[in-house]
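Student: Submitted below is the structure of interest, expressed as structure tokens.
There are 2 protein chains.
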Amino acid sequence: MQECKDCPIRHRAVCARCEGDELAQLEQIKYYRSFEAGQTVVWAGDKMDFVASVVTGIATLSQTMEDGRRQMVGLLLPSDFAGRPGRETSAYDVTAATDLVMCCFRKKPFENLMLNTPHIGQRLLEMTLDELDAAREWMLLLGRKTAREKIASLICIIARRDASLQLNAADGELRFDLPLTREAMSEYLGLTLETVSRQVSALRKEGLIRTEGKRQIVIPDFDALLEETGDDSDGGFLI
Amino acid sequence: MQECKDCPIRHRAVCARCEGDELAQLEQIKYYRSFEAGQTVVWAGDKMDFVASVVTGIATLSQTMEDGRRQMVGLLLPSDFAGRPGRETSAYDVTAATDLVMCCFRKKPFENLMLNTPHIGQRLLEMTLDELDAAREWMLLLGRKTAREKIASLICIIARRDASLQLNAADGELRFDLPLTREAMSEYLGLTLETVSRQVSALRKEGLIRTEGKRQIVIPDFDALLEETGDDSDGGFLI
DNA sequence: CATATGGATTGATCTACATCAAGGTGAATG
DNA sequence: CATTCACCTTGATGTAGATCAATCCATATG
Chain A
26 MQECKDCPIR HRAVCARCEG DELAQLEQIK YYRSFEAGQT VVWAGDKMDF
76 VASVVTGIAT LSQTMEDGRR QMVGLLLPSD FAGRPGRETS AYDVTAATDL
126 VMCCFRKKPF ENLMLNTPHI GQRLLEMTLD ELDAAREWML LLGRKTAREK
176 IASLICIIAR RDASLQLNAA DGELRFDLPL TREAMSEYLG LTLETVSRQV
226 SALRKEGLIR TEGKRQIVIP DFDALLEETG DDSDGGFLI
Chain B
26 MQECKDCPIR HRAVCARCEG DELAQLEQIK YYRSFEAGQT VVWAGDKMDF
76 VASVVTGIAT LSQTMEDGRR QMVGLLLPSD FAGRPGRETS AYDVTAATDL
126 VMCCFRKKPF ENLMLNTPHI GQRLLEMTLD ELDAAREWML LLGRKTAREK
176 IASLICIIAR RDASLQLNAA DGELRFDLPL TREAMSEYLG LTLETVSRQV
226 SALRKEGLIR TEGKRQIVIP DFDALLEETG DDSDGGFLI
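Protein chains in written order, with the working numbering: chain A, 26 to 264; chain B, 26 to 264.
Written out as structure tokens, the structure is:
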């Protein structure tokens, strides 16, 4: 089991500012869980007795309607946080989009720790406010953007998040793995997977992106792609 | 100026659990502001040196794209909270949908108070988590629901929120004011106002709702209307 | 009292995306 | 090495909702 100081979650997540005693306490309630791509972490409505931070891989939060329509409502990249203190059950399906490792904290002790360690609560508030902003940006995408703009936006979001985690070859080109299936992309964007496929092809034919293999994406000119998102040129950040 | 203890925001908002000293401190940094329907409280990007709680009326948070497409991303009813501690500018247009009174707290002293008063931060975290859940429910609506389901959902949301504030004649019928213009509804739902109008008319013709005057709505059978939202029958809550 | 004015409604038409359907591709498996 | 399986692509067609345009209605205004 890794030391928390080596754990990627220190970048953004709850224990980033902990030291000494607090860190020791966190260690005690901490454990790692691994999932294979496609596995479900918890179903909506199921008991969820932990909160967690993504270490490696990608997890998604989704809602499902009775007739099966699905909408993704959260995309968790490394260092992102999942789970709501003060709630027994998960409100969403949590699914591993890729192979996934999560750093889990048992909920009850975590909540106790929160009471005695104000900065954990503060950190959590900051992170929740960030997530709320991301959700609102996402709402604009869902409510008002065209299919083409949605695809361009998603690619930019992933590229940006990816770039912030590890520096990519900055010879103008941006190269990275698109870790979502067409179906997952369609659930993110409120489209069908056919429309996703068509629009990705369209961007490829126009030279705005290249695809190498099935999942690797190359963006020759990031700003050109940004133009297609519909966002303000200097626009903030999503997710 | 009202006493905080008489202020509607005590129901849900930040000062709900304050007493003695804290309340006195809150009083000192508190002031009220009134707006007429249609007025803008702040524009996205503008300096916002306060946080606030809605006392009476309705405020909206919206995002605008360069070409004018608009999406509402927040609907603030009495007792709801606006503003992000730790941020200088507003990320959204804040607009008075009806005549509006807000209870404002100057930001800097509010943040200081937060540092010394853990339960304010805790309360804020709870509220932010609730808002995040609401935003995610809203994402499902925007991404996957039909126009008809969107309208039914919005009417149910307002009815529910309204009912929780003051008890309505519970003789089966639910009667309340729909405080949004067709345009505001369309911005909430990611539709055009024409589509909103058509779908409201459709629900009326089918007897699922009645309209009295321009804004008053009567729901003869709430459960019947709920059926049209696409949500699980026991479904939670929005906004 | 005539007349703006700011919603709201309703109709006709268009189109972006969904739906239905048929292959294609590449890694995994016996 | 053939076969399967999961995923992706592309085509043909359908449709929900957008767009464009006219009219209505209630309140406000000189």
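Using N, Cα and C, we set each Cβ at its ideal position, and we do this for glycine too.
Going by other Cβ atoms of all chains shown within 10 Å of its Cβ, with 16 needed for buried, is residue 254/A buried or exposed?
Tutor: Burial check for residue 254/A: the Cβ neighbour count within 10 Å reaches 16 or more, so the residue is buried.
Student: Output needed in chain order: residues of the segment 151-169 of chain A with a Cβ under 8 angstroms from some Cβ in chain B.
Tutor: 151, 153, 154, 156, 157, 158, 160, 161, 162, 163, 164, 165, 167, 168 and 169
Student: Would you check if the distance between the CB atom of residue 79/A and the CB atom of residue 57/A is smaller than 9 angstroms?
Tutor: Their beta carbons are not under 9 angstroms apart, which means residue 79/A does not touch residue 57/A by this criterion.
Student: Less than 9 angstroms between the C-beta atoms of residue 54/B and residue 138/B, yes or no?
Tutor: yes
Student: Could you tell me if residue 231/A is buried or exposed, where buried requires 16 or more neighbouring beta carbons within 10 angstroms of its beta carbon?
Tutor: exposed
Student: Which whole-angstrom value is the C-beta distance of residue 224/B and residue 172/B, which I expect to be below 8 angstroms?
Tutor: 5 angstroms
Student: I'd like to know if residue 28/B contacts chain A, where contact means its C-beta is closer than 9 angstroms to some C-beta of that chain.
Tutor: For residue 28/B, the predicted structure reports a pLDDT of 43, less than 50, and the residue's modelled location is therefore unreliable. The matter cannot be settled from this model.
Student: Do you know offhand how far residue 31/A's Cα is from residue 128/A's?
Tutor: With a pLDDT of 42 at residue 31/A, under the threshold of 50, the predicted position of this residue should be treated as unreliable, though the coordinate-derived value follows. Going by the C-alpha atoms only, they are around 12 angstroms apart.
Student: Would the C-beta of residue 149/B count as close to the ligand MN, meaning under 8 angstroms from any of its heavy atoms?
Tutor: Looking at this structure, you won't find the ligand MN or any other ligand, since it has none at all.
Student: In chain A, what lies closer than 9 angstroms to residue 113/B by C-beta?
Tutor: Per Cβ cutoff of 9 angstroms: no residues; residue 113/B is ~14 angstroms from chain A at best.
Student: To which residues of the same chain is residue 188/A closer than 8 angstroms at the C-beta, ignoring the five residues directly before and after it?
Tutor: Hits under 8 angstroms: 199 and 201.
Student: Measuring CA to CA, which of 100/B, 214/B, 243/B and 216/B is closest to residue 228/B?
Tutor: 243/B
Student: At which residue ranges does the segment 179-227 of chain B contain complete beta strand (DSSP E) runs of 3 or more residues, listed in the order of the chain?
Tutor: Counting only runs of 3 or more, we get 199-202.
Student: For residue 45/A, report the span of its alpha helix (DSSP H) as first-last.
Tutor: 45-53
Student: With C-beta atoms as the reference, is residue 111/A less than 9 angstroms away from residue 154/B?
Tutor: yes
Student: Grab me the residues of residue 133/A's own chain with a C-beta within less than 8 angstroms of its C-beta, minus the 5 sequence neighbours each way, in chain order.
Tutor: 74
Student: What did DSSP end up calling residue 65/B once you bin it into helix, strand or coil?
Tutor: strand
Student: Out of curiosity, what's the CA-to-CA distance linking residue 213/B and residue 50/A?
Tutor: 45 angstroms
Student: So with CB distances below 7 angstroms, who are the chain B contacts of residue 109/A?
Tutor: Simply 154.
Student: Using a Cβ cut-off of 7 angstroms, pull out every chain A residue sitting near residue 94/B, in sequence order please.
Tutor: 169
Student: Could you tell me the boundaries of the alpha helix (DSSP H) in which residue 145/A lies?
Tutor: 143-169 is the extent of the alpha helix (DSSP H) around residue 145/A.
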